[in-house]
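Residue numbers (the working numbering): 3 to 328.
Note that beta-carbon positions come from the ideal geometry of N, C-alpha and C, so glycine has one too.
Given the structure is predicted, the values throughout are model-derived calculations rather than measurements.
I have placed the structure first, in the form of structure tokens, so that the comments after it can refer back to it.
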Amino acid sequence: MANQTVNTPDKIDGTRIALSCTFVVLIMVFAVVGNILVILAFKYFRRLRRVTNYFVVSLAITDILVAVISMPVWVAFILSGRQLFFRNPLLQRVWTGTDIMVSVASIWHLTCVSIDRYLCITGPLYYHVRMTSKRAVVIISAIWVSSIVVAALGPTLWDKDIYTLMLVLLNYAFPMIIILFAYISIFKAARYQAKQIDLKINGQSRRFSLTVELKAAKTLGVVIGAFIVCWSPFFALNLRYYICHCTPPALIVSMAKWMHYGNSMLNPLIYGLLNKDFRFAFKKLFTDLRLLSFLNSHGNIRNSDRSMQSVRSVIRMGKDQECTNV
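Below, the structure written as structure tokens:
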């Protein structure tokens, strides 16, 4: 995370450079498109406007920032023969700070998602009191502010080793302990609460399905599992650097960066494959976009207004339609 390992002067052959850049550019494109779909789905489909998905949308924003800021600089770094940061130390500090900020934000978003699922499944009677949309916004704001502060500390601390260790422990090991505790508790609770219960909220009866919540937790569990797999090698390299100041080969560093950048692309794919609400929303958005494209390419000036009215009607129907739960 501290990106101490990027300062390696190892020579890389042209084929490897081309493959590295192509791979990262593909990740960039899929990450931007996929995470924009997540944001649009949340905006236009009412069923997705649950408290948990506030964190999911904010996580999508961090993934977009990774794709449009961190990844292009990394591509330029590779194309320069890994000399870019030696020539531009200020650029390295800015890029490293941004990389740290979005990384810290990502892992704490996932930590909050785990806590949210833990509260929902282990204490469903009080969940809607404990976790409101306003409270979620406050928590998300706190995550972003703290991420910026942590990233800003990097250039100001004299001892970079202490900073690296702090990042590994407080922004990887500690959150992982919380996440694992939350999900172990969730699946323990599932053994005793595998039935539907009625909740009384504001004097109205509301059906609460534990099965639905557990499936949502499983989807988010896959997201968190992907995060652990994608990020662990990079944290391990930083921890190794802290212990022995050993600079790994350029290929190992590149693979670790590919993996953690790839995580920004995986989250929308996981939602689309495992979550029926998001899958429905993605399909509807693609259908609407294809319809708009068809009418724009085949319509004429006389019937353009009528065509656009038809499109808006179809889109409203899709937005208002209830998504099928997970």
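Around the beta carbon of D101, a 10 Å sphere encloses 16 or more other beta carbons of the protein chains shown; the residue is thus reported as buried.
With a contact defined as Cβ atoms closer than 8 Å, L61 and A283 miss out at about 16 Å. Nearest in C-alpha terms to D290, of all of T24, L39 and T249, is L39. The alpha-carbon of N265 is positioned some 33 Å away from that of Y128. Looking only at D279, S105 and V255, the smallest Cα-Cα distance to F229 is reached by S105. Between S143 and I150, the alpha-carbon positions lie close to 11 Å from each other.
Residue environment for F280: buried (at least 16 other C-beta atoms within 10 angstroms of its C-beta). Taken atom to atom, the span from the alpha-carbon of N240 to that of T166 is near 7 Å. The Cβ atoms of G156 and G223 do not sit closer than 7 Å to each other. Just so you know, the alpha carbons of Y263 and H130 end up roughly 34 Å apart. If you ignore the 5 residues before and after W233, its C-beta comes within less than 8 Å of the C-beta of S105, I109, Y174, M261, H262 and N265, all in its own chain and listed in chain order. Its Cα nearest to that of I226, the residue F57 stands out among T249, L42, F57 and S22.
The straight-line gap separating the alpha-carbon atoms of T124 and T113 is approximately 16 Å.
Between the C-alpha atoms of R18 and L182 there is a straight-line separation of about 37 Å.
By a beta-carbon distance limit of 8 Å, V68 does not contact W97. Their separation comes to about 11 Å.
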